[in-house]
Structure formats: structure tokens, C-alpha cells
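For the protein sequence lines, the chains are E and H, in the order given.
Take the first sequence: its letter number 84 is residue 83 in numbering that gives the first Met the number 0, and every next letter is one higher.
Take the second sequence: its letter number 144 is residue 143 in numbering that gives the first Met the number 0, and every next letter is one higher.
Protein chains: 2
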Amino acid sequence: MPQIHRERVLRAATSSFLTRGYRSSVDEIARRAGVAKQTVYQHFPSKDELFKEVARDLTRRVLIELDAGPRDLRAGLMRVARAYRKRVLGAQGIATLRTVLPEVPRFPALARALYAGGAGALVSRLAAYLSRAMGAGKLRRDDPELAAEIFLGMLVGHDRLKRLFGVGCDEKEARRTARIVDCFLRAYAP
Amino acid sequence: MPQIHRERVLRAATSSFLTRGYRSSVDEIARRAGVAKQTVYQHFPSKDELFKEVARDLTRRVLIELDAGPRDLRAGLMRVARAYRKRVLGAQGIATLRTVLPEVPRFPALARALYAGGAGALVSRLAAYLSRAMGAGKLRRDDPELAAEIFLGMLVGHDRLKRLFGVGCDEKEARRTARIVDCFLRAYAP
DNA sequence: GACATGCTAGACTCCCCAGTCTAGTTCGGT
DNA sequence: ACCGAACTAGACTGGGGAGTCTAGCATGTC
């Protein structure tokens, strides 16, 4: 009999951690998974390890396909912008931060790995993309890494803060995204 | 005999919540304050209320004086930028977010108030400041509120994310601030 | 001196939870 | 038919924490 229930437990744990943070009890996770508590411990040695596994899954989800973008720079950036905003500002992206951040001091090495595998990796790819655009004369030449971080910062920085505090955003999403991308393009016009 | 120990409790609770989050026990707070547990409950009806009080104090600290800035726009923005980065990216600013954010779902009304009294108020003031600069022809005319949010976003957005995950920033602070401010000025040049 | 108030030490109740243990069930492989 | 692996329900242990209670101490006021 193969290990059938690992996935069920992981899914239940994810949803539970996302709504109640590390507070979620193992009993509750087992109940949500429709599984005995003992089964949870058959697959994961401790609550901490289960949590880490969930956190790894969650932070990987902000990564975005970036290759084979359209020729047009603005169209390419718009595609990234829409995708990143959707992932990061969506209910799950916000809940992920609320869940993971308070545990950072307890798992410093894991936290650095989470950043590197998620947002950090995106910065690297985006920097490479911007660097090519700079080489092609479509953008002013400057540190591409900084440009990437500035772009992502203006794209979601303040909206993320608002949503983390439970404050909604009124403006229409599509329009806002476009205005920010145009703002970036003006700042880095050749 | 006046209520001497309220402040001691508040300070101890602040430092305790900042390091261990809501996990901190009332016993520990009392111990840190050098005070009996009962004294804590004489001043605050419950741990939740004590926590709320601490959260209110903490989030007020991101507000920045903005009036009577220098005539020169760039100098004025640099002043805001330095002050905001220092508050938001400093160890205490980061710890504040790690402490407060996970509790947002439990205290939604409080959370909105915290945002409004801290970062939200700053956005309003900054928008007014930028609006004046637009009127004086020093900046391109555009929605000042959006401009303020974009400015703050590019200023701290990605660096805050990094620090929240415990990832340090290598570049020299002063230089980075200046580059971001210049980037904003280019984007909003008349 | 009498009294109220702010405080102290520490015990105590009640509840929750991580992790373990027991005893039994289901099911696939051989 | 039998074994072993995955699973179940539920009891149990040990620890910790919120909030209460008691008994007493210190100090300022009348």
C-alpha cells in the first residue's frame, strides 16, 4: 500500500497555515485532511518540518515564466507586471507573507533560501531581461539588478503593504499596472 | 500612589513582542518589566489589549515630518527618502511588520487604523507635497497619490521584502537612496 | 492610627497542544 | 492464507500559558 495521504496532508496543512498561521494545531490539520493525527506524523517528523515544506511550496509560486516574451519591451514588461501583481497581491500571496514572515527569525537559513528561490530568482531573470533591452538600446544603460528591484518595488511595493494591513485598493487593476509600467519606462528611457 | 508601572510594562511588552511576536507570554513580559504578573493585568484588561496598544505605538513611528522642507525638490525628496528608509528598513521597522502582520486577520479594524495612521498618512502628506511641486512646474502633472505610492514603493518595496526574509543588502545606503530618488525624478520630469 | 491604593510573590485552575502509545482495521503482495 | 505496511480512533503524557486568587507589603492621605 503506497503512501496515499501525503498530498492530502500537505494540502490541508497549506490551507490551515495560510488561514491561522503557525497557530494551526496538528489536530486541526489532520481533521481538515480527513486523516488520523498519527498519519501526519508518519509523513512528517514534526510540525516544524511540515511547516517548512509548506513554506517552500508557497514561496516557489511567485516565480514567473519570463522567457520567450514578446519582442516589444513594453508588452513584455506588461506581461511580467500582470503576472507578478496577480501572484503577489492575490489573497494567497498576501496570506503567505503573513504566515511565513513571523517564523523567519526561527528559521533564518530556510528564510534566505525561500527568498532566493522566489523573489530573488525573479530579480535575477528580470535583470537579465532588462540588461538585454539595455544592450539593444531600448533602455538607458544602468545597473540592471537595481533596475529590476526598482521595477518590482514600484509595481507591488506599496499595494502589498496596503493589502497586508487589509486595506483594499480602489483603482482598476489593469489601468494601475499600465501606469506603473509606463512610469518605469519613462524613468529608464534611453 | 499613582500608576507608576504602566510605562515599564509597555516598554517591556514592546521589546518582547518585537522579538518573539504574539508568542511572548505575559509571564515573560512581566519578568522583563521587573513587575508582578498581576500588575500587568491592573493596567491592561487582557493580553490582546496590551498587544493592540503596543501595535499602535509601533506603527505610528513610521510617520515623518514633511513640512518646512528645503526649497529644492530633490533635496526635499532626499530628506524624506533617507528618513523613511531608516525607519522602515531598520531592525525595528522590520520586526514591527513581522509582529503585527500575522495578527491582522484577528484584528481587521485595528489593522486598517494602523495603516491609516502610519504609512497611509505619509502617502497623503507626500501626495500633497508632490502636488505642490507639480503645480510649480517642477514635476509632470499626474495623479499625486499614485506618484507618492510609486515613490515609496520603489524606495523601500523590494529592500523591505529582502530584509523581511533576513537577506541583507550589500550596496551602500546613501548611494542607493540617491539613485532611487533620481530615478523617480526622471520618471516624473515635466 | 486607620484606610485605600498600587504593588508583590506565587500558587492555582483551566485549557490547549505536540508528540506518543495502544489496539485494531484494511488491503496489496506472495 | 498470511504478512506487513499504511492507516484509524482515541487515550495519554508533559509542558506551557492566560487569567484568577490569596495573603501580604509599602506608602500616601485623612
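For glycine and all other residues, C-beta sits at the position ideal for the given N, C-alpha and C.
Neighbourhood of residue i by C-beta, 7 Å cutoff - its chain only, sequence neighbours within 5 removed
i                      : result
arginine 175 (chain H) : none
leucine 129 (chain H)  : Leu138, Pro143, Ala146, Ala147
glutamate 46 (chain E) : The question names glutamate, but residue 46 (chain E) is lysine in the sequence shown. So the qualifying residues of the chain are Val25.
glycine 136 (chain H)  : Pro189
Environment of residue i [buried if 16+ CB atoms lie within 10 Å]
i                       : result
cysteine 168 (chain E)  : exposed
aspartate 118 (chain E) : The sequence shown places alanine at residue 118 (chain E), rather than the aspartate named in the question. Buried, because 16 or more other Cβ atoms sit within 10 Å of the Cβ of alanine 118 (chain E).
proline 44 (chain H)    : exposed
aspartate 158 (chain E) : buried
arginine 140 (chain H)  : exposed
proline 101 (chain E)   : buried
alanine 186 (chain E)   : buried
serine 24 (chain E)     : exposed
Residue i and residue j closer than 9 Å at C-beta
i                      : j                        : result
alanine 11 (chain H)   : alanine 29 (chain H)     : yes
valine 79 (chain E)    : isoleucine 93 (chain E)  : no
arginine 131 (chain E) : leucine 65 (chain E)     : no
valine 155 (chain E)   : arginine 84 (chain E)    : yes
leucine 17 (chain E)   : threonine 95 (chain E)   : yes
proline 107 (chain H)  : glycine 165 (chain E)    : yes
arginine 22 (chain H)  : leucine 88 (chain H)     : no
glycine 116 (chain E)  : methionine 153 (chain H) : no
arginine 73 (chain H)  : alanine 173 (chain H)    : no
glutamate 48 (chain H) : leucine 9 (chain H)      : no
Close beta carbons around residue i, own chain, < 8 Å, minus the five adjacent residues each side
i                          : result
leucine 76 (chain E)       : Phe150, Val180, Phe183, Leu184
lysine 86 (chain H)        : Checking the displayed sequence, the identity of residue 86 (chain H) turns out to be arginine instead of lysine. Answer for arginine 86 (chain H): Arg60, Val61, Ile63, Gly92, listed in chain order.
valine 103 (chain E)       : Ala110
alanine 120 (chain H)      : Leu62
leucine 113 (chain E)      : Ala54, Arg55, Thr58, Val99
serine 226 (chain H)       : Since the first residue shown for chain H is 0 and the last is 189, residue 226 (chain H) is missing from the structure and cannot be characterised.
arginine 7 (chain H)       : Ala32, Gly33, Val34
phenylalanine 50 (chain H) : Ala12, Phe16, Tyr21, Glu102
valine 122 (chain E)       : Glu144, Ala147, Glu148, Leu151
arginine 178 (chain E)     : none
Check: residue i C-beta below 8 Å from any heavy atom of the ligand HEM
i                     : result
arginine 30 (chain H) : Looking at this structure, you won't find the ligand HEM or any other ligand, since it has none at all.
Cut-off 6 Å between Cβ atoms - residues of its own chain near residue i, not counting five sequence neighbours on either side
i                        : result
glycine 20 (chain H)     : Thr98
arginine 5 (chain H)     : His42
methionine 133 (chain H) : Arg140
alanine 126 (chain H)    : Pro143, Glu144, Ala147
threonine 13 (chain H)   : Val53
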